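Everything on this sheet refers to the single structure shown next.
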Amino acid sequence: MTETTRRAVVLGAGGAGLAVVMTACASYGSPTTQASEAPPADEPSSAAPKKKKAAAGKALAETGDIPSGGGKVFESQKVVVTQPTEGEFKAFTAICTHQGCTVDEVADGTINCPCHGSKFKISDGSVAGGPASEPLEEKKIKVSDGKITLA
1 MTETTRRAVV
11 LGAGGAGLAV
21 VMTACASYGS
31 PTTQASEAPP
41 ADEPSSAAPK
51 KKKAAAGKAL
61 AETGDIPSGG
71 GKVFESQKVV
81 VTQPTEGEFK
91 AFTAICTHQG
101 CTVDEVADGT
111 INCPCHGSKF
121 KISDGSVAGG
131 PASEPLEEKK
141 IKVSDGKITL
151 A
């Protein structure tokens, strides 16, 4: 008589899961067939820089929207803009370096992540409190005529 053990069940389920993943990753069509039906590569590439340029030229905020000693999170652009001292503006990625959550507030001189409580300094994006161990990546911005734009 054959006895089913826990080990056999776990190995069987793991093998079935692996088979599903491998099947999902398999390629059934020839990519060259689809590529020949697509529009010429020149059209999308010429349109893409225009969109990128337009997005880079659009103002994130007015300088008056960013409080001195504080900041503001722009979730859709994944950027946080701060004003550590009057007239000095900084920008950082809004993606926490701990586990990739989006920071959600700027308060009491820090940029705060809601997921695990990491805090980053508004002046340079460095870690003010863990569990994050790496600083936020600084983003380039341009401040001109009272408007803040991504550079």
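Numbering (the numbering used here), first residue to last: 1 to 151. All C-beta atoms, glycine included, are put in the ideal place defined by N, C-alpha and C. Since the structure is predicted, the reported quantities are computational estimates derived from the model, not experimental observations.
query	result
Beta-carbon proximity list for G109, same chain, < 6 Å, skipping 5 on both sides	I122
CA nearest to the CA of T82, picked from C101, G117 and N112	N112
Validate contact between the segment 141-150 and the segment 57-64 using beta carbons, cut 8 Å, 3 pairs	yes
Pick from K119, V103 and T4 that is closest to F74, judged by C-alpha positions	V103
Cβ neighbours of G130 in the same chain (closer than 7 Å, five flanking residues each side left out)	S118
Residue(s) in a DSSP beta bridge with K90	T82
C-beta contact flag for V80 and T97 at 9 Å	no
Opening and closing residue of the beta strand (DSSP E) in which I111 lies	T110 to N112
Beta-carbon gap between G64 and V106 smaller than 9 Å	no
Which listed residue (A132, P84 and G125) has its alpha carbon closest to that of C101	A132
Span separating the alpha-carbon of L136 from that of S126	6 Å
Pick from P114, H116, F89 and C115 that is closest to V143, judged by C-alpha positions	F89
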